[in-house]
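Using my numbering, the letters of the sequence shown map in sequence onto residues 2 to 156.
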Amino acid sequence: MPVRKNPKTATKRRAPASPGDAVGLDLGTSSVVAARQNGRGIHAEAELNAFIELPTSRFTEQILHQNEIDYVRENGHLVVYGNGAFRFANMFNTETRRPMRHGLVNANEPYAQKLLEVIVEKLVGKPRSKSQPELVCFSVPGAPKGTPSSLVYHE
Numbered sequence: 002m003p004v005r006k007n008p009k010t011a012t013k014r015r016a017p018a019s020p021g022d023a024v025g026l027d028l029g030t031s032s033v034v035a036a037r038q039n040g041r042g043i044h045a046e047a048e049l050n051a052f053i054e055l056p057t058s059r060f061t062e063q064i065l066h067q068n069e070i071d072y073v074r075e076n077g078h079l080v081v082y083g084n085g086a087f088r089f090a091n092m093f094n095t096e097t098r099r100p101m102r103h104g105l106v107n108a109n110e111p112y113a114q115k116l117l118e119v120i121v122e123k124l125v126g127k128p129r130s131k132s133q134p135e136l137v138c139f140s141v142p143g144a145p146k147g148t149p150s151s152l153v154y155h156e
């Protein structure tokens with residue numbers, strides 16, 4: 002699944018890691034938030050945890066490029082994800098879909114795991130170095146009330 006990244010986020014540079022650097026990550030059903038400490042306090046970034054699937058066309062892809070909207074190509078479709086998904090859902094008269102449902106990975110969405118991966122990578126970034134890895138702190142949900150308690154699929 003080739004990924005087209007927004008040039009603004011693809012060129013974002015982070016300062017070198019220092020011991021104790023950590024990223025807080027909240028994978029919510031409606032949004033994904035990453036927070037890290039900087040010189041002035043805590044800096045948080047959020048991305049909508051949603052996507053839309055559009056038919057592939059040069060025209061649509063040009064519009065996405067011009068508007069710096071993130072997307073992936075999958076099975077002959079353009080899958081627009083994150084903050085741009087809501088805006089383009091209105092433009093293309095379609096509704097957004099969610100990679101998560103009730104706080105867990107939506108097993109009925111074939112793109113769910115891949116989209117969560119690209120959204121997290123956009124917010125957290127790739128590891129800076131193997132010798133000084135960043136710590137990522139996140140929570141693991143409990144089973145929703147009234148459902149089986151096995152969360153193996155979501156780990």
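Ideal Cβ placement from N, Cα and C applies to all residues, glycine included.
Inspect the beta-carbon positions of residue i and residue j and report whether they are closer than 8 Å.
i: T30; j: H103; result: yes
i: D22; j: E96; result: no
i: V137; j: V24; result: yes
i: I64; j: G85; result: no
i: A45; j: S32; result: no
Please classify residue i: is it buried, with 16 or more other beta-carbons within 10 angstroms of its beta-carbon, or exposed?
i: G42; result: exposed
i: G147; result: exposed
i: G83; result: buried
Throw me the rounded Cβ distance for the residue i and residue j pair, which I believe falls under 8 Å.
i: V141; j: K115; result: Between K115 and V141 the Cβ distance is about 20 Å, and since that is not below 8 Å, they are no contact.
i: P128; j: A113; result: In fact, because the Cβ distance is near 23 Å, the residues do not count as touching under 8 Å.
i: L26; j: V121; result: 7 Å
Which two residues bound the contiguous beta strand (DSSP E) that contains residue i?
i: V125; result: Element bounds for V125: not the beta strand (DSSP E) but the alpha helix (DSSP H), A113 to V125.
Counting along the chain, where does the alpha helix (DSSP H) carrying residue i start and finish?
i: G25; result: Note, G25: premise wrong, no alpha helix (DSSP H); beta strand (DSSP E) at A23 to L28.
i: E54; result: No alpha helix (DSSP H) holds E54; the beta strand (DSSP E) holding it covers F52 to P56.
i: H66; result: R59 to Q67
Do you know whose CA, among the options, lies nearest residue i's CA?
i: F89; options: V125, P56, V137 and P100; result: P56
i: N157; options: A47, G40 and F52; result: This structure cannot settle anything about residue 157, because the visible part of the chain is limited to 2 through 156.
i: E62; options: V81, L117 and V119; result: V81
i: A36; options: S130, L105, K131 and G126; result: G126
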